[in-house]
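A.B. asks: I have a structure here, written as structure tokens, and I will follow up with some questions on it.
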Amino acid sequence: RQIKQQFEKLHQFLRDEEEATITALRKEEEQKKQMMKEKLEEMNRHISALSHTIKDTEEMMKANDVCFIK
Numbered sequence: 065r066q067i068k069q070q071f072e073k074l075h076q077f078l079r080d081e082e083e084a085t086i087t088a089l090r091k092e093e094e095q096k097k098q099m100m101k102e103k104l105e106e107m108n109r110h111i112s113a114l115s116h117t118i119k120d121t122e123e124m125m126k127a128n129d130v131c132f133i134k
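Residue numbers for the sequence shown follow my numbering, so the first one is 65 and each next one is one higher.
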């Protein structure tokens, strides 16, 4: 009977540990997802800014070509 009680205590301990580990992993997963989302948004902002810079540069080059031809 004492062995059965000890086994039950051990089993409960393992269930508690499993639950705590799963909770910690889920929290870590959410944090990493959020971090990836923020990094992706930052990269998109940089891409957009570079695209605008390229467009502006191309327009300036076209304007300079027109002036140069005249």
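Don't be surprised by glycine CBs; every beta carbon is placed ideally from N, CA and C. This structure is a prediction, so every number in the text was calculated from the model and none was measured.
Could you tell me the alpha carbon to alpha carbon distance between Phe-77 and Lys-91, rounded to whole angstroms?
C.D. replies: Answer to the nearest angstrom: the Cα atoms are 21 Å apart.
A.B. asks: In three-state terms, what does DSSP make of Arg-65?
C.D. replies: Coil at Arg-65, not helix or strand.
A.B. asks: In its own chain, which residues sit with a C-beta less than 6 Å from the C-beta of Ile-86, not counting the 5 before and 5 after it?
C.D. replies: Excluding positions up to five away in sequence, the list is empty.
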